[in-house]
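S.K.: Take this structure, written in structure tokens, and hold onto it; I'll ask about it next.
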Amino acid sequence: MSILTANLKHLYQRRGLWLVYVILGFFTFVGIALLFEGPEAGHGRFIGIVGAFVVGLLFAVLPIEVLSKPFSYCLPGHRKVARRFVFCVGIVFSLFGSLLFFVYPYLNAGQLVLLVCSAFFAGLISYLLGAGLAFAARNSVAFIGFLPLIIIAGRFFDLHTVIERVIVENPLVVISVGVLSSCVVWFWLGDEGRARRYCNVPWMGFFDAFNPTKVKRYRRIRMAAKWDKLKKYPSPRMERFFLGRMNRYDYVSAGRYVWGGLYAAGVVPVLEWKGVFLGVIMMPFFLGYMGSGATFIFFFMPAIAVVNMRLPVHSSMLISGGRRERFAGAITVVAIATVLISVVAVVMVALSMLFKAIVPELTLREVTFTYRAISAGNLFIPLLITPFAFVIRLIFYRKPVYTMLLLMLIIFLLIFTGIIWSKQLSAMINLISIIALLVLSWCTFLLVSRYVCMRWSLAGNG
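The working numbering applies: residue 167 is where the sequence shown begins, and numbers increase by one.
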């Protein structure tokens with residue numbers, strides 16, 4: 167088995183990529199169905215190949231993860247295998263993406279072949295841009311979070327139509343740029359010193375952002391590298407506050423464990439208001455122009471908070487907290503986290519009402535965007551979602567990635583249901599139904615957390 171083959175096996179060995187394949191397959195099916203239903207020239211319907219940018223951004227991380235391991239630097243021929251891996255994946259993906267242009271209308275055979283070649287190199291350029299970003303910027307996978315915003319902006323400014331016309335009307339230019347960029351990237355990735363720069367460098371790999379253990383290890387390594395970043399730890403005043411509360415109780419008491427659990431769970435960074443102040447100020451400004459779409463952020467806030475918090479239930483160390491103490495600590499942490507999230511939501515709603523009187527209308531391409539205050543009816547959503555999110559966190563405590571994926575799936579299903587049956591749901595939502603859902607949510611959390619704390623094995627990192 168060659169070194170390249172061993173690296174290509176990561177494409178099916180990494181379980182996180184299976185979800186990517188499902189998503190790519192879904193969008194490919196939808197795109198092909200739309201094309202065969204009625205292919206239209208000049209409407210941007212063939213430009214799905216620009217998704218190669220995301221593929222390059224994701225798949226280029228795999229050889230970077232290998233290069234960051236110190237032992238891989240000593241393997242013969244392994245320093246230059248990254249560029250062969252990148253180009254193998256890029257050529258195959260661009261080849262399949264360019265086949266969509268075979269159904270492009272109003273072209274003869276010669277023009278069609280030239281167009282397919284142009285589409286192939288356009289897809290390869292897009293792929294290499296994503297791969298180059300992955301190699302140039304550390305932890306570049308985080309840029310995928312901006313993908314929905316880029317898609318919305320592209321559709322609004324008709325960038326997909328512009329790119330399609332460039333590919334169709336200037337095939338020789340696209341092919342020339344593709345060949346030139348491929349040569350540049352080939353030599354750039356083959357630089358002898360590139361592997362040395364990645365060797366033993368802390369790197370966040372594919373889906374590692376959803377793994378709290380790896381995130382903490384990465385932060386510790388980065389903090390040790392630069393002493394100035396130690397200032398990001400909780401302030402001494404905050405540490406004295408929690409230690410003072412803990413010292414008021416006996417070593418084996420529930421009160422001491424609860425205060426320690428709050429400190430370790432991640433509530434302390436939340437209390438550092440400087441880190442969230444800018445976000446709380448800016449979010450209402452943007453959400454006001456989204457209208458009813460601002461409701462979505464109230465579903466995602468609990469999910470983001472839950473993924474970045476650790477309940478004081480599981481522990482890999484021998485500690486004094488028993489099952490009852492851990493149950494009490496879990497309830498306290500969830501209650502305080504819910505209160506903090508609700509306070510942030512209330513502040514955002516209040517600021518949006520203030521901004522409504524001073525923020526002007528925006529006009530882009532003859533479309534006027536009017537600022538609207540965020541509805542106060544959204545405030546019950548964090549109270550409802552947060553307990554359910556912690557239930558999933560408790561059940562899949564060993565698999566943080568599963569927690570994040572399941573939360574996102576449930577939230578998207580709720581949003582999709584709200585969009586499809588908005589009229590029916592608006593008639594059903596009233597004070598009684600909201601109270602019933604809140605009672606159901608918190609009772610579910612209490613039952614699940616009590617069962618986990620009293621019956622399950624609590625050994626291991628939570």
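We treat Cβ as the ideally placed atom computed from N, Cα and C, and that holds for glycine.
Beta-carbon within less than 8 angstroms of F535's beta-carbon, same chain only, minus the 5 sequence neighbours each way: which residues are those?
M.R.: Residue numbering aside, residue 535 sits at position 369 when the sequence shown is read from its first letter. Y455, E527, L528 and T529, listed in sequence order.
S.K.: Based on the DSSP secondary-structure assignment, which residues constitute the bridge partners of F535?
M.R.: Taking the first residue of the sequence shown as 1, we reach residue 535 at position 369. Answer is L528, bridged to F535.
S.K.: What's the C-alpha gap between L604 and S518?
M.R.: The residue labelled residue 604 in the question sits at position 438 within the sequence shown. The residue labelled residue 518 in the question sits at position 352 within the sequence shown. Using only the alpha carbons, I get a separation of about 25 angstroms.
S.K.: List the whole-angstrom C-beta distance separating Y270 from G222, where the pair is believed to meet the contact cut-off of C-beta under 8 angstroms.
M.R.: Within the sequence shown, numbered from 1, the residue matching residue 270 stands at position 104. Within the sequence shown, numbered from 1, the residue matching residue 222 stands at position 56. About 24 angstroms; that fails the 8 angstroms criterion.
S.K.: Mind checking E335: buried by the 16 CB within 10 Å criterion, or exposed?
M.R.: Numbered from 1 along the sequence shown, position 169 holds the residue referred to as residue 335. Burial call: exposed.
S.K.: Indicate whether the contact test is met: 3 or more Cβ pairs, each with one atom in the segment 478-489 and one in the segment 595-609, closer than 8 angstroms.
M.R.: no
S.K.: Would you kindly check if the distance between the Cβ of I497 and the Cβ of A471 is under 9 angstroms?
M.R.: Counted from its first residue, the sequence shown places residue 471 at position 305. Counted from its first residue, the sequence shown places residue 497 at position 331. Taking 9 angstroms as the Cβ cut-off, A471 and I497 do not qualify as a contacting pair.
S.K.: DSSP has A625 in a bridge; who is on the other side?
M.R.: Here the question's residue 625 lines up with position 459 in the sequence shown. S481, per the DSSP bridge assignment.
S.K.: Rounded to whole angstroms, what's the CA-CA distance from V614 to F578? Just pull it up for me.
M.R.: Reading the sequence shown from its first residue, position 448 is the one you call residue 614. Reading the sequence shown from its first residue, position 412 is the one you call residue 578. Each residue's alpha carbon lies about 23 angstroms from the other.
S.K.: Please classify W587: does DSSP put it in a helix, a strand, or coil?
M.R.: Numbered from 1 along the sequence shown, position 421 holds the residue referred to as residue 587. Looking at W587 - three-state DSSP - the assignment turns out to be coil, as it is neither helix nor strand.
S.K.: Helix or strand or just coil, what does DSSP make of N413?
M.R.: Locating residue 413 in the sequence shown gives position 247, counting from the first residue. Here N413 sits in helix by DSSP.
S.K.: Could you tell me if Y617 is buried or exposed, where buried requires 16 or more neighbouring beta carbons within 10 angstroms of its beta carbon?
M.R.: Position 451 of the sequence shown, counting from 1, holds the residue named residue 617. Exposed, because fewer than 16 other Cβ atoms sit within 10 Å of the Cβ of Y617.
S.K.: Looking at C-alpha atoms only, which residue of M620, V350, L228 and A469 is the closest neighbour of N173?
M.R.: Stepping through the sequence shown from its first residue, residue 173 is reached at position 7. If we check each option's Cα against that of N173, L228 comes out closest.
S.K.: Within 8 angstroms, do at least three Cβ pairs link the segment 485-495 to the segment 560-571?
M.R.: no
S.K.: So, helix, strand or coil for S348, using DSSP?
M.R.: Taking the sequence shown and counting its residues from 1, one reaches residue 348 at position 182. Helix at S348.
S.K.: Whose CA, out of V500, V513 and F408, lies closest to the CA of V446?
M.R.: Taking the first residue of the sequence shown as position 1, residue 446 is located at position 280. Nearest option by C-alpha distance: V513.
S.K.: Leaving aside the five residues before and after V500 along the sequence, list all residues of the same chain whose C-beta is less than 6 angstroms from its C-beta, in chain order.
M.R.: To locate residue 500, count along the sequence shown from 1; it is residue 334. Close CB contacts of V500 within its chain, under the 6 angstroms cut and outside five residues either way in sequence, are with F556 (chain order).
S.K.: Any idea if E405 is buried or exposed, counting beta-carbon neighbours within 10 angstroms, 16 or more meaning buried?
M.R.: Counted from its first residue, the sequence shown places residue 405 at position 239. Around the beta carbon of E405, a 10 Å sphere encloses fewer than 16 other beta carbons of the protein chains shown; the residue is thus reported as exposed.
S.K.: Using a Cβ-Cβ cutoff of less than 8 angstroms, which residues in the same chain neighbour V345 once the five nearest sequence positions on both sides are dropped?
M.R.: Residue 345 sits at position 179 when you count from the first residue of the sequence shown. Contacts found: F287.
S.K.: Any idea what DSSP makes of S168, helix, strand or coil?
M.R.: Position 2 of the sequence shown holds residue 168. Residue state, collapsed to three classes: coil.
S.K.: First and last residue of the alpha helix (DSSP H) that includes M456?
M.R.: Here residue 456 is taken as the residue at index 290 of the sequence shown, counted from 1. Taken as a continuous stretch (DSSP letters only), M456 belongs to no alpha helix (DSSP H), as it is neither H nor E.
S.K.: In whole angstroms, what is the alpha-carbon distance linking H326 and F219?
M.R.: Counting from one through the sequence shown, the residue named residue 326 turns up at place 160. Counting from one through the sequence shown, the residue named residue 219 turns up at place 53. About 14 angstroms.
S.K.: Let me know the secondary structure DSSP gives V476 once reduced to three states.
M.R.: One-based indexing of the sequence shown puts residue 476 at position 310. It should be noted that the sequence gives Arg, not Val, for residue 476. If DSSP states are grouped into helix, strand and coil, R476 belongs with coil.
S.K.: Answer with buried or exposed for R249, where buried requires no fewer than 16 other C-beta atoms within 10 angstroms of its C-beta.
M.R.: Translated into the one-based positions of the sequence shown, residue 249 becomes position 83. With at least 16 other beta carbons inside 10 angstroms of its own, R249 counts as buried.
S.K.: Between A496 and the ligand MN, is the CB less than 8 angstroms from at least one heavy atom?
M.R.: With respect to small molecules bound, the structure shown includes none, and the ligand MN cannot be examined in it.
S.K.: Between the C-alpha atoms of V350 and A297, what's the straight-line distance to the nearest angstrom?
M.R.: Within the sequence shown, numbered from 1, the residue matching residue 350 stands at position 184. Within the sequence shown, numbered from 1, the residue matching residue 297 stands at position 131. Roughly 13 angstroms separates the two Cα atoms.
S.K.: Go ahead and pull the three-state DSSP assignment for S518.
M.R.: Along the sequence shown, read from residue 1 onward, the residue named residue 518 stands at position 352. Looking at S518 - three-state DSSP - the assignment turns out to be helix.
S.K.: Helix, strand or coil: how does DSSP classify L174 here?
M.R.: Numbered from 1 along the sequence shown, position 8 holds the residue referred to as residue 174. Helix.
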